[in-house]
Each structure stands twice: as structure tokens, then as C-alpha cells.
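Undergrad: Protein chains in written order, with numbering that gives the first Met the number 0: chain F, 0 to 417; chain R, 0 to 417.
Each residue gets a CB set at the ideal place from its N, CA and C atoms; glycine is no exception.
Since we're looking at a predicted model, the values are computed, not measured.
Please find one structure pasted underneath; my questions will follow.
2 protein chains.
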Amino acid sequence: MAAAPDDADAGPRTRNGRAAERVPDPARARRQEHLREHNLSAALGCVVDATAPPSRAQIAAATGLARGTVTGLVDVLIDAGLVRELDPVAAPRAGRPAVPLVPVPGRIAGVGMEVNVDYLGVRAVDLAGGVVVERVEQDDLRGADAGDVLDRLSALAGPVLAGLQADGVRVAGTALALPGLVDRVTGPLRVAPNLGWRDVDVVARLAADPVLAAFPPRLANEANLAARAEAHTRRGAGAPSFLYVSGEVGVGGALVLDGEIFLGRHGWSGEIGHVVVDGSAPEGPATLERLAGQDAIAAAAGLPAGTRFADLLAAVDAEDPAAVAAVHDAARWLGLALATVANVVDVGAVVLGGTFGQLYPHVEGAVRDALDAHVIFAPWSALEVSRARAGAYPAMTGGALAVLRQVVAEPSLWLTPS
Amino acid sequence: MAAAPDDADAGPRTRNGRAAERVPDPARARRQEHLREHNLSAALGCVVDATAPPSRAQIAAATGLARGTVTGLVDVLIDAGLVRELDPVAAPRAGRPAVPLVPVPGRIAGVGMEVNVDYLGVRAVDLAGGVVVERVEQDDLRGADAGDVLDRLSALAGPVLAGLQADGVRVAGTALALPGLVDRVTGPLRVAPNLGWRDVDVVARLAADPVLAAFPPRLANEANLAARAEAHTRRGAGAPSFLYVSGEVGVGGALVLDGEIFLGRHGWSGEIGHVVVDGSAPEGPATLERLAGQDAIAAAAGLPAGTRFADLLAAVDAEDPAAVAAVHDAARWLGLALATVANVVDVGAVVLGGTFGQLYPHVEGAVRDALDAHVIFAPWSALEVSRARAGAYPAMTGGALAVLRQVVAEPSLWLTPS
DNA sequence: TGGATAAATTCATGCCGAGAACAAATCCGC
DNA sequence: GCGGATTTGTTCTCGGCATGAATTTATCCA
Numbered sequence: 000m001a002a003a004p005d006d007a008d009a010g011p012r013t014r015n016g017r018a019a020e021r022v023p024d025p026a027r028a029r030r031q032e033h034l035r036e037h038n039l040s041a042a043l044g045c046v047v048d049a050t051a052p053p054s055r056a057q058i059a060a061a062t063g064l065a066r067g068t069v070t071g072l073v074d075v076l077i078d079a080g081l082v083r084e085l086d087p088v089a090a091p092r093a094g095r096p097a098v099p100l101v102p103v104p105g106r107i108a109g110v111g112m113e114v115n116v117d118y119l120g121v122r123a124v125d126l127a128g129g130v131v132v133e134r135v136e137q138d139d140l141r142g143a144d145a146g147d148v149l150d151r152l153s154a155l156a157g158p159v160l161a162g163l164q165a166d167g168v169r170v171a172g173t174a175l176a177l178p179g180l181v182d183r184v185t186g187p188l189r190v191a192p193n194l195g196w197r198d199v200d201v202v203a204r205l206a207a208d209p210v211l212a213a214f215p216p217r218l219a220n221e222a223n224l225a226a227r228a229e230a231h232t233r234r235g236a237g238a239p240s241f242l243y244v245s246g247e248v249g250v251g252g253a254l255v256l257d258g259e260i261f262l263g264r265h266g267w268s269g270e271i272g273h274v275v276v277d278g279s280a281p282e283g284p285a286t287l288e289r290l291a292g293q294d295a296i297a298a299a300a301g302l303p304a305g306t307r308f309a310d311l312l313a314a315v316d317a318e319d320p321a322a323v324a325a326v327h328d329a330a331r332w333l334g335l336a337l338a339t340v341a342n343v344v345d346v347g348a349v350v351l352g353g354t355f356g357q358l359y360p361h362v363e364g365a366v367r368d369a370l371d372a373h374v375i376f377a378p379w380s381a382l383e384v385s386r387a388r389a390g391a392y393p394a395m396t397g398g399a400l401a402v403l404r405q406v407v408a409e410p411s412l413w414l415t416p417s
Numbered sequence: 000m001a002a003a004p005d006d007a008d009a010g011p012r013t014r015n016g017r018a019a020e021r022v023p024d025p026a027r028a029r030r031q032e033h034l035r036e037h038n039l040s041a042a043l044g045c046v047v048d049a050t051a052p053p054s055r056a057q058i059a060a061a062t063g064l065a066r067g068t069v070t071g072l073v074d075v076l077i078d079a080g081l082v083r084e085l086d087p088v089a090a091p092r093a094g095r096p097a098v099p100l101v102p103v104p105g106r107i108a109g110v111g112m113e114v115n116v117d118y119l120g121v122r123a124v125d126l127a128g129g130v131v132v133e134r135v136e137q138d139d140l141r142g143a144d145a146g147d148v149l150d151r152l153s154a155l156a157g158p159v160l161a162g163l164q165a166d167g168v169r170v171a172g173t174a175l176a177l178p179g180l181v182d183r184v185t186g187p188l189r190v191a192p193n194l195g196w197r198d199v200d201v202v203a204r205l206a207a208d209p210v211l212a213a214f215p216p217r218l219a220n221e222a223n224l225a226a227r228a229e230a231h232t233r234r235g236a237g238a239p240s241f242l243y244v245s246g247e248v249g250v251g252g253a254l255v256l257d258g259e260i261f262l263g264r265h266g267w268s269g270e271i272g273h274v275v276v277d278g279s280a281p282e283g284p285a286t287l288e289r290l291a292g293q294d295a296i297a298a299a300a301g302l303p304a305g306t307r308f309a310d311l312l313a314a315v316d317a318e319d320p321a322a323v324a325a326v327h328d329a330a331r332w333l334g335l336a337l338a339t340v341a342n343v344v345d346v347g348a349v350v351l352g353g354t355f356g357q358l359y360p361h362v363e364g365a366v367r368d369a370l371d372a373h374v375i376f377a378p379w380s381a382l383e384v385s386r387a388r389a390g391a392y393p394a395m396t397g398g399a400l401a402v403l404r405q406v407v408a409e410p411s412l413w414l415t416p417s
């Protein structure tokens with residue numbers, strides 16, 4: 000097990016190969032130097048992930064470190080320009096007021112890019128979680144040439160990166176979300192059915208752009224990154240765990256466990272669209288995507304092939320009986336698939352995003368019913384069902400956050416202001 | 000060179016009184032001491048998990064620690080009686096011969112117990128992985144009173160525990176495997192359908208036995224523990240990851256990721272028997288267990304209800320056409336369920352245990368076909384399919400190993416020979 | 001205004017891993 | 001058979017770093 004120099008990966012590996020977490024991971028503190036790194040990471044993580052700016056004392060309490068130790072760690076982070084003090088806030092109690100600590104905004108940014116069926120775009124997020132800049136172009140990219148589209152993405156993202164650097168923002172890296180199967184590191188895109196892409200060396204193509212060449216993107220599945228953004232918005236009371244469903248033209252998904260995306264060997268986990276829910280369908284075993292994908296719903300609703308989602312949504316909101324029934328049917332299949340997954344991974348919540356999020360009022364009931372009926376542990380612990388709250392283009396945000404997570408995981412790489 | 004100037008740690012290293020005061024342990028006594036604990040654990044883990052006895056130098060290489068550091072760690076483990084040196088083995092190369100290190104056999108044991116539909120038993124395994132003692136009783140326990148069965152288990156396991164202690168074996172703890180839904184720690188058994196149990200406070204009942212009362216068992220699902228044993232036999236080239244299927248009367252399963260059992264929130268993961276594979280079945284959505292459980296196969300084979308598995312196996316081995324067809328059909332459903340799970344968790348291998356292991360030659364083909372056809376990433380990375388190799392009653396072994404894992408995880412608790 | 005309370009800092013202490021030097025034990029070529 | 005090469009294991013010094021107590025700072029409250 001040598002060093003593993005690929006730090007573009009999903010974080011440092013422990014002896015188990017699992018992604019390292021912030022606080023409760025004893026497996027990483029192997030050497031003395033790693034001890035320091037680990038504690039720096041824990042302190043920075045407290046500041047970055049907190050919903051309210053923590054004081055040094057709160058960091059000490061959260062990490063279990065001595066207060067004096069935290070003082071030293073925070074000094075380092077402040078000197079590096081990663082963290083800044085706010086003015087002390089008078090508390091409604093006796094004692095010296097705490098000094099709130101926040102990530103320095105606009106200092107370090109992660110850049111998330113996305114190519115999807117209907118749009119492509121780029122979004123930069125700083126350590127404080129704020130959107131620094133974003134560009135999105137709407138277009139129907141089904142069947143478009145992969146090279147052309149990637150060149151177009153370069154033209155969009157290159158100036159954004161250049162602009163960030165010109166403004167003195169350090170770019171921590173980039174990530175690219177794609178609606179298909181991509182290897183977890185930087186391997187080629189295997190297949191993106193709804194784009195019509197197959198075996199595309201995305202990174203090489205983007206490297207043709209001189210600016211992007213300096214920031215080779217981590218590739219990831221669109222649903223996985225969207226789930227990361229969702230996990231970010233739901234942090235707070237501990238790291239959330241849920242099953243995320245991202246309906247687009249296809250049906251994607253991701254598994255979030257304790258705030259971490261579960262990637263699996265290659266990063267191909269969460270393909271809930273390929274869950275087989277009807278094994279005795281006349282044309283052969285049918286997957287969820289075939290029964291509840293956008294095209295299937297439109298067809299069942301009596302809408303012409305190639306109907307845009309907006310039209311379907313309009314029909315449903317107008318309470319067109321066929322459309323409502325079609326959505327309800329799809330929701331039932333979705334519920335069955337989710338119940339299946341829940342039985343296998345024992346997760347406590349389901350989050351519906353993408354088109355299913357937009358159709359939420361019309362799918363929630365059927366999904367709940369299916370879960371209650373088919374999840375074996377439902378009588379003791381019912382699954383929570385909710386709607387995605389990460390906002391528009393969550394995969395772009397998720398990609399940026401994935402990059403920023405590297406900064407938090409290894410703060411020592413960012414201590415020298417370059 | 001063990002021994003050395005013994006005068007042993009007559010006093011616990013007189014840490015200047017600090018040791019005594021550290022006992023309170025505020026939530027998490029952190030860092031510095033955890034570093035030592037972690038490295039001790041890593042060293043012991045190397046010795047325990049290795050397939051060939053490692054030398055100090057190999058431990059240093061595997062953990063990344065300095066050789067001198069490893070010397071110190073190993074000294075502690077040897078003094079504690081957890082590890083022992085073997086005679087140096089002349090190597091076919093230059094250099095001082097390495098001193099192989101092995102766990103001391105028969106010194107510390109984990110005890111795994113199991114209650115299943117057809118038998119109950121207990122097995123003790125020591126740190127070296129050897130079976131110290133075991134007792135199994137065959138009986139049909141379907142519908143038997145839970146209290147009676149647990150008393151019987153007490154009568155079986157109590158003397159085993161007493162005997163171990165009489166022989167000077169330190170019992171690290173006990174685990175109990177059950178064919179049902181149990182909370183991951185020691186919560187009550189929620190439901191074990193094939194035993195006909197529901198909401199049984201297993202731990203309390205076992206505590207009625209004075210010997211067992213001192214070793215309250217960790218409860219776990221039978222398939223989960225069987226998978227742990229399977230992972231143990233498959234260690235070697237790194238920690239294995241696979242999807243384990245345990246066919247008994249029902250169909251259970253477990254997810255093994257990097258050598259660890261994936262438990263989920265409550266320990267209810269892996270219930271592959273409740274995967275919905277035929278959502279449009281006439282009587283309502285059908286689970287894998289309903290279509291490929293033992294009773295379903297027997298019925299499809301034209302055998303009377305309540306047929307014993309041995310009779311089914313005999314019919315299949317005799318190439319009874321109905322039986323072969325029934326098994327093949329079940330295998331197809333199994334393959335669909337496994338493909339579904341693989342699409343969601345991106346794992347690279349499938350291991351068939353329990354009855355599916357015994358039927359392996361008759362199910363392998365259909366399972367492979369289904370996986371190839373329905374796993375989205377199969378064209379790039381086909382799933383390996385293999386048969387369980389952990390031997391008889393794997394859940395008992397897995398339970399014992401689960402207990403021993405605690406010893407490896409926190410060696411400091413076992414340093415004082417008590 | 002002084003005491004209580006809490007946050008943050010300072011500092012002496014000691015644990016622990018790193019790394020180098022050294023000792024031990026073997027193989028190999030001459 | 002002898003010396004050098006090689007690898008394992010031990011010893012020892014050094015320095016990093018967390019710790020915990022004492023101290024300082026800053027506010028609230030009676």
C-alpha cells in the first residue's frame with residue numbers, strides 16, 4: 000500500500016480504503032505529521048461545515064482537543080488566510096464573548112462544471128459556501144458531438160477560471176458532472192445514454208484549452224454530485240444519510256452515508272434507474288428508468304414522443320387525468336425501487352430531486368405507500384420522504400463542494416499563500 | 000528477543016498520576032493517546048489478519064511506521080501475551096533472517112453463537128483464527144418458543160464459556176447470529192419470520208444464565224455474520240468486497256465493502272430477500288424470497304410443502320427435470336436481484352452461500368447470465384461469481400470474528416494479563 | 001464596583017514517532 | 001574460510017505536538 004499519490008481521488012484512503020471522515024476517523028492519524036494534519040483538518044472542517052460560525056471553544060468541544068491546542072491550530076489557519084475572525088458577539092450570558100470564526104470568502108474556490116441533456120454550465124463556490132460566479136447555457140444537447148460540446152464547455156469555463164485567478168481567487172480544482180457512467184478518478188466517460196456519448200476521453204479533450212489544462216477535472220456522475228450538494232444543504236444536525244433520486248431524462252441516484260457519497264469501486268454506485276422492478280414484463284425484465292423515465296411517463300400520459308418535461312409538468316399541474324395517472328404509476332414504480340434499495344442498505348431517508356422533485360406533490364403519496372408496504376423495517380423505522388432543497392443545478396454546486404472537500408481534507412497543502 | 004528485563008510493568012508506567020485522572024474520559028479522550036492505540040491496533044491487525052506470519056520489518060512496511068517504532072509496539076504486544084515470536088526462518092536471500100510473529104493461540108477467544116431454523120450452536124475462535132471448541136445441535140426450531148430455545152442455547156453455551164475460562168482462555172465477548180432483523184447493538188430482536196419470533200428481548204433472556212450474563216452477546220443478522228466469515232477466508236490480497244447471499248429457508252444477504260460488513264443505520268442492511276423483483280405479479284409485488292426461497296423452489300419443483308432442503312438437493316442432483324427447472328428459475332430471479340443491487344452499490348463480486356452455495360452448479364449459469372444482461376457496467380467490469388468457502392456454520396465463525404475484531408481495534412484493553 | 005463566568009492564551013511537561021547509527025545474522029563470491 | 005553485501009532488529013537522540021493548568025481578557029450581574 001504505497002503512498003497513493005492520486006490526491007485527485009475521493010479523499011485520502013484509510014487502511015480500509017474508506018473515505019476519511021473528519022472527526023471520528025482514528026485510522027488516519029498514523030504518523031506524527033498526520034496527527035497535525037488531521038487536527039488541522041478537523042478544525043477547518045468545523046469552521047467550513049458549521050451552520051453558525053463557531054468559536055475556538057466550540058471547536059475544542061466538538062473535536063475533543065484541548066483549548067490551547069485549538070488556539071494554535073486556528074492561528075495557523077488564520078495566517079494561511081483560510082479562516083478569519085468576526086467581531087465578538089455579545090452573548091446573553093456572563094463571560095468573555097466568543098470570537099466567531101468563518102471561512103474567508105472569495106479566497107479559495109472549487110469549480111463545478113456540468114454537461115447535461117438540456118444545458119451546460121460552470122459554477123464556482125468558495126470555502127464559505129457562496130457562489131462566486133456562474134455561467135449556464137441552455138440548449139438541447141441530445142446527440143450532439145461530444146467534442147463540440149466539450150469545446151463549448153471549455154469556452155464557457157476557461158474565462159471563468161481565468162477571471163477567478165485574475166481576481167486573486169485560488170482555484171482548488173475542478174469537477175465535471177456528466178449524466179452517465181464515469182470512472183471515479185479521471186478515467187474516460189464510459190457511456191452517457193441520454194447524451195448518446197460512449198467512451199469519450201473527456202479530460203483529454205478539455206485539456207486542449209490552455210486554462211482548463213491546468214485544472215484537469217475530476218469526473219463524476221451528475222446524480223452523485225447533486226446528492227453531495229443536497230447533503231451540504233442538509234448538514235447541521237450531524238452528517239445526513241439518505242438515498243437521493245435525480246430524475247432527468249433518465250433516472251439517476253446516489254447513496255449518501257454520513258454525509259459522504261458512496262462511490263463503490265469505480266464510482267458507479269447509485270444507478271437506481273437500472274433497478275429491475277418488473278422482472279416478468281412481456282418484453283423482458285424492465286428497469287425503473289424504462290417504466291418511470293421521462294419518456295415513459297410522457298408516453299403513458301398520451302403525450303407525443305420527445306415531449307419536453309415542462310409540457311408534462313404543465314399537464315400534470317392542470318390535472319390532466321391521463322398525465323396524473325401516468326405520474327402516479329411512475330411514482331409507484333419509483334417507490335418499489337426505493338423500497339428495494341432501502342432493504343439492501345438500511346438508510347433512513349429518501350430525497351427526490353430533478354424532475355421527481357418538481358413533480359413532488361404528485362409522487363410523494365405513491366412513493367410513501369410503496370415504501371411502507373415493502374420496506375421490511377418500516378414498522379419500526381419509517382423512511383422519511385422529502386424533496387430536494389439544493390436549488391437549481393445542484394450537480395454544479397456538488398462538484399465545487401467535492402473539490403473544496405479536498406482543501407478541508409488536506410489543509411497543509413493550502414497553508415502557503417501562493 | 001522477548002523477555003528482556005522483565006520486572007514487567009509492575010506499575011503501569013507510573014504516568015505520574017495522570018493515568019488515574021484520565022479515566023473519566025470526557026466523551027473522547029483524544030489524539031495523542033489515540034495515536035498510540037491506533038498504531039498498536041495496526042500492528043496487531045497485521046499479525047492477526049496476515050495469511051503468513053509477518054516480521055517486524057514487514058509490519059513497518061505495511062503500516063508505514065519506522066522499524067524502531069514497530070519494535071516498541073511489538074514488545075508491548077508480546078508482553079501482553081497477544082503475540083508470540085516463531086523461530087527465525089532462513090530466507091533464500093542475504094540478510095538477517097526475519098522473526099515471524101503470530102497471534103498467541105488459545106489465549107483470547109471470541110465466541111459466536113447461532114440460532115437458526117434447523118440448528119443452534121456455539122463456536123469459539125482464538126486470535127490465531129483457530130476453532131477452540133464448538134457445539135452444535137440439530138433440530139427443527141420453526142415455531143418453537145423463543146424463551147425455550149434461548150434457554151437451550153444457554154445450556155449449550157454456558158458450559159462452553161465456563162470451560163474456556165477454566166482453561167485459561169480469555170473470552171473477549173460473545174455474538175449471537177439470528178435469522179432476522181436485529182438492532183446493531185443489543186436491541187431486541189425485531190422479527191425472525193422463519194423462526195416465528197417477534198420482538199424478543201434476546202439479551203435479557205440469555206442473561207438469566209449466570210455465565211452468559213457476564214458476556215452479553217452482540218446480536219446480528221445471520222447473513223451479516225456469515226459474510227464476515229467469508230470475508231475472513233477471502234482476505235489476503237487486500238480487503239475483499241462482495242455481495243454475499245445466504246440462502247436458508249429465507250433469503251438473506253450482506254454487503255461486504257473493503258472487508259467490512261456494511262450495517263447501515265440499524266444493522267438492517269443486506270436484506271436481499273426483500274428486493275422486489277416482480278412488481279407486476281398478480282398477487283402484488285413479489286420479493287426475491289417469495290420467488291426463490293426454499294419453499295417456492297420446492298413448490299415449483301412439485302415437491303410437497305415443508306420439504307426439507309436435503310430432499311430438494313437430492314432431486315436436483317438426480318437431475319429431476321421439474322426440480323432442475325425450478326432451481327433454474329429461482330436462479331434467474333436471484334440474478335435479477337443481484338444485478339439490481341450491483342447497479343446500486345457497484346461491487347465487484349458475488350458470493351453464493353447457504354443453500355445457493357450447495358446448489359451452486361445449478362444456479363451459477365443463470366445468475367451469470369442475469370448479471371451480464373442487467374448490470375449496467377458489466378461490459379466494462381464483469382462481476383465475479385463464486386461459491387462460499389467459509390465452511391459449515393459460517394455465521395458462528397463470523398460472530399466470533401466480530402468479537403475478536405474488538406480486541407484488534409482496542410488492544411490497550413487487553414494489555415494487562417488479568 | 002467587585003465577583004462570577006466564560007473565552008482565549010501561555011507555558012512547562014512528557015509522550016511518542018522519526019531517523020540515524022549500530023548490532024546481529026545470514027548469503028555470496030572469491 | 002573470509003570479507004563485503006544485505007536485511008532484520010535495537011538503541012538512542014531529537015523534535016513535534018497535544019495536554020492541562022495557570023493566567024489573562026472580556027463580559028454580565030448584583
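In whole angstroms, give me the CA-to-CA distance for Ala324 of chain F and Ala300 of chain F.
TA: On the first sequence, residue 324 of chain F is found 325 positions in, with the first residue counted as 1. On the first sequence, residue 300 of chain F is found 301 positions in, with the first residue counted as 1. Cα-Cα distance, rounded: 7 Å.
Undergrad: Measuring CB to CB, does Ala253 of chain R end up less than 8 Å from Ala222 of chain R?
TA: Here residue 253 of chain R refers to the residue found at position 254 of the second sequence. Here residue 222 of chain R refers to the residue found at position 223 of the second sequence. Their beta carbons are under 8 Å apart, which means Ala253 of chain R touches Ala222 of chain R by this criterion.
Undergrad: Pick from R:Gly157, R:Gly129, R:Glu113 and R:Asp125: whose alpha carbon is nearest that of Gln137 of chain R?
TA: Counting from one through the second sequence, the residue named residue 137 of chain R turns up at place 138. Nearest of R:Gly157, R:Gly129, R:Glu113 and R:Asp125 to Gln137 of chain R, Cα basis: R:Glu113.
Undergrad: Please check if any C-beta of chain F sits within less than 8 Å of the C-beta of Arg55 of chain R.
TA: To locate residue 55 of chain R, count along the second sequence from 1; it is residue 56. Not closer than 8 Å to any Cβ of chain F, the Cβ of Arg55 of chain R fails to qualify, so no.
Undergrad: Is the distance from the Cβ of Gly179 of chain F to the Cβ of Val132 of chain F below 8 Å?
TA: As a first step, residue 179 of chain F is located in the first sequence; it is residue number 180 there, counting from the start. As a first step, residue 132 of chain F is located in the first sequence; it is residue number 133 there, counting from the start. No. Outside cutoff.
Undergrad: Leaving out five residues on either side along the sequence, give the residues of the same chain with a beta carbon under 8 Å from the beta carbon of Gly347 of chain R.
TA: Residue mapping note: residue 347 of chain R aligns to position 348 of the second sequence, counting from 1. The residues are Ser240, Phe241, Ser380, Leu382 and Glu383.
Undergrad: I'd like to know whether the C-beta atoms of Ala387 of chain R and Leu335 of chain R end up nearer to each other than 8 Å.
TA: Reading the second sequence from its first residue, position 388 is the one you call residue 387 of chain R. Reading the second sequence from its first residue, position 336 is the one you call residue 335 of chain R. Not a contact, by the Cβ cut-off of 8 Å.
Undergrad: Nearest to Val343 of chain R by alpha carbon, out of R:His361, R:Ile375, R:Tyr359 and R:Asp371?
TA: To locate residue 343 of chain R, count along the second sequence from 1; it is residue 344. When each option's Cα is compared against that of Val343 of chain R, the closest is R:Ile375.
Undergrad: Does any CB atom of chain F fall closer than 8 Å to the CB of Ala338 of chain R?
TA: In the second sequence, counting from the first residue as 1, residue 338 of chain R sits at position 339. Yes, contact with chain F.
Undergrad: Have a look at Gly272 of chain F and Ala377 of chain R and give me their C-alpha separation to the nearest angstrom.
TA: Working through the first sequence from its first residue, we reach residue 272 of chain F at position 273. Working through the second sequence from its first residue, we reach residue 377 of chain R at position 378. Looking at the two C-alpha atoms, the distance is approximately 15 Å.
Undergrad: Can you give the Cα-Cα distance for Val121 of chain R and Val135 of chain R, rounded to whole angstroms?
TA: Here residue 121 of chain R is taken as the residue at index 122 of the second sequence, counted from 1. Here residue 135 of chain R is taken as the residue at index 136 of the second sequence, counted from 1. Taking the straight line joining both Cα atoms gives about 6 Å.
Undergrad: Put Asn15 of chain F into one of helix, strand or coil per three-state DSSP.
TA: As a working mapping, residue 15 of chain F is identified with position 16 in the first sequence. Residue placement at Asn15 of chain F is poorly supported in this model, since its pLDDT is 28, which falls under 50; the coordinates still yield a value, given next. Three-state DSSP puts Asn15 of chain F in coil, outside helix and strand.
Undergrad: Below 9 Å between beta carbons is the criterion; list the residues of the segment 357-385 of chain R that meet it against any residue of chain F, in chain order.
TA: Ala369, Ala372, His373, Val374, Ile375, Phe376, Pro378, Trp379 and Ser380
Undergrad: In angstroms with no decimal places, state the Cα-to-Cα distance between Val47 of chain R and Val110 of chain R.
TA: Translated into positions along the second sequence, residue 47 of chain R becomes position 48. Translated into positions along the second sequence, residue 110 of chain R becomes position 111. Near 17 Å, if we compare the C-alpha coordinates of Val110 of chain R and Val47 of chain R.
Undergrad: Give me the Cα-Cα distance between Asp328 of chain R and Asp257 of chain R, rounded to the nearest whole angstrom.
TA: The residue you call residue 328 of chain R lines up with position 329 of the second sequence. The residue you call residue 257 of chain R lines up with position 258 of the second sequence. Computed Cα separation, rounded: 32 Å.
Undergrad: Relative to the C-alpha of Ala154 of chain R, which candidate in R:Ala206, R:Ala191 and R:Ala59 has its C-alpha closest?
TA: Looking up residue 154 of chain R in the second sequence gives position 155. Per the Cα distances, R:Ala206.
Undergrad: Please classify Val88 of chain F as buried or exposed, where buried requires at least 16 other C-beta atoms within 10 Å of its C-beta.
TA: Counting from 1 along the first sequence, the entry for residue 88 of chain F is found at position 89. By the Cβ-count criterion, Val88 of chain F is exposed, with fewer than 16 other Cβ atoms from all chains shown falling within 10 Å of its own Cβ.
Undergrad: Can you check which of these residues, F:Tyr392, F:Val349, F:Val199 and F:Gly353, is closest to Asp371 of chain F by C-alpha distance?
TA: Here residue 371 of chain F is taken as the residue at index 372 of the first sequence, counted from 1. Closest by alpha carbon: F:Val349.
Undergrad: DSSP beta-bridge partners for Asn220 of chain F?
TA: Sequence index remark: in the first sequence, residue 220 of chain F carries index 221 (1-based). Asn220 of chain F is bridged to F:Leu177.
Undergrad: Anything in the segment 71-99 of chain F with a Cβ closer than 8 Å to a Cβ of chain R? List those residues in chain order, please.
TA: none
Undergrad: Determine, for Gly347 of chain F, whether the minimum Cβ-Cβ distance to residues of chain R falls below 8 Å.
TA: To locate residue 347 of chain F, count along the first sequence from 1; it is residue 348. Closer than 8 Å: yes.
Undergrad: Suppose you measure from the CA of Pro303 of chain F to the CA of Leu100 of chain F; what does that come to, to the nearest Å?
TA: Within the first sequence, the letter at position 304 stands for residue 303 of chain F. Within the first sequence, the letter at position 101 stands for residue 100 of chain F. Their backbone Cα atoms lie some 55 Å apart in a straight line.
Undergrad: Starting from the C-beta of Glu270 of chain F, find all residues in its chain whose C-beta is less than 6 Å away, skip the five residues before and the five after it, and write them out in chain order.
TA: Within the first sequence, the letter at position 271 stands for residue 270 of chain F. Cβ-Cβ distances below 6 Å link Glu270 of chain F to nothing in the same chain once the five nearest sequence neighbours on each side are left out.
Undergrad: Under 8 Å between C-beta atoms, does Ala342 of chain R make it to chain F?
TA: Walking along the second sequence from the start, residue 342 of chain R turns up at place 343. The sequence shown places Asn at residue 342 of chain R, not Ala. Chain F, which has a Cβ nearer than 8 Å to the Cβ of Asn342 of chain R, makes this yes.
Undergrad: I'd like to confirm the pairing. Which residues does DSSP put opposite Glu409 of chain R in its beta bridges?
TA: As a first step, residue 409 of chain R is located in the second sequence; it is residue number 410 there, counting from the start. According to DSSP, which records beta bridges pairwise, Glu409 of chain R is partnered with nothing at all.
Undergrad: Give the secondary structure of Thr415 of chain R by DSSP, where H, G and I count as helix, E and B as strand, and everything else as coil.
TA: Against the second sequence, residue 415 of chain R aligns to sequence position 416. Coil at Thr415 of chain R, not helix or strand.
Undergrad: From the DSSP output, read off the bridge partner residues of Trp196 of chain R.
TA: The residue given as residue 196 of chain R occupies position 197 in the second sequence. The beta-bridge partner set that DSSP reports for Trp196 of chain R consists of R:Ala191.
Undergrad: With distance defined between alpha-carbon atoms, name the residue in F:Arg217, F:Asp310, F:Thr286 and F:Ala219 nearest to Gly249 of chain F.
TA: In the first sequence, residue 249 of chain F corresponds to position 250, counting from 1. The residue with the shortest Cα to Cα distance from Gly249 of chain F is F:Thr286.
Undergrad: For Trp267 of chain R, go through chain F and note every residue whose CB falls closer than 7 Å to its CB, in chain order.
TA: As a first step, residue 267 of chain R must be located in the second sequence, where it is residue number 268. Result: Asp345 and Phe376.
Undergrad: Helix, strand or coil for Tyr392 of chain F? Go by DSSP, reduced to three states.
TA: Reading the first sequence from its first residue, position 393 is the one you call residue 392 of chain F. Tyr392 of chain F: coil per DSSP, three-state reduction.
Undergrad: For the segment 267-293 of chain R, list every residue whose C-beta sits within 9 Å of some C-beta in chain F, in sequence order.
TA: Cβ contacts with chain F: Trp267, Ser268, Gly269, Glu270, Ile271, Gly272, His273, Val274, Val275, Val276, Asp277, Gly278, Ser279, Ala280, Gly283, Pro284, Ala285, Thr286 and Leu290.
Undergrad: Mind pulling the chain R residues with CB within less than 8 Å of Ser240 of chain F?
TA: In the first sequence, residue 240 of chain F corresponds to position 241, counting from 1. In chain order: Arg264.
Undergrad: What is the rounded straight-line gap between the Cα of Ala219 of chain R and the Cα of Ile260 of chain R?
TA: The count along the second sequence starts at 1 and reaches residue 219 of chain R at position 220. The count along the second sequence starts at 1 and reaches residue 260 of chain R at position 261. C-alpha of Ala219 of chain R to C-alpha of Ile260 of chain R: approximately 11 Å in a straight line.
Undergrad: Using a C-beta to C-beta distance shorter than 7 Å, which residues of chain R count as neighbours of Leu180 of chain F?
TA: As a first step, residue 180 of chain F must be located in the first sequence, where it is residue number 181. Correct list: Ile375 and Phe376.
Undergrad: Got a sec, what are the start and stop residues for the beta strand (DSSP E) Arg122 of chain R sits in?
TA: Within the second sequence, the letter at position 123 stands for residue 122 of chain R. Looking at the DSSP string, the run of the beta strand (DSSP E) that includes Arg122 of chain R is Tyr118 to Asp125.
Undergrad: Assuming Asp125 of chain R contacts Ile107 of chain R under a Cβ cut-off of 8 Å, what Cβ separation, rounded to an integer in Å, is found between them?
TA: Numbered from 1 along the second sequence, position 126 holds the residue referred to as residue 125 of chain R. Numbered from 1 along the second sequence, position 108 holds the residue referred to as residue 107 of chain R. With 8 Å as the limit, Asp125 of chain R and Ile107 of chain R qualify as a contact, their Cβ atoms being about 6 Å apart.
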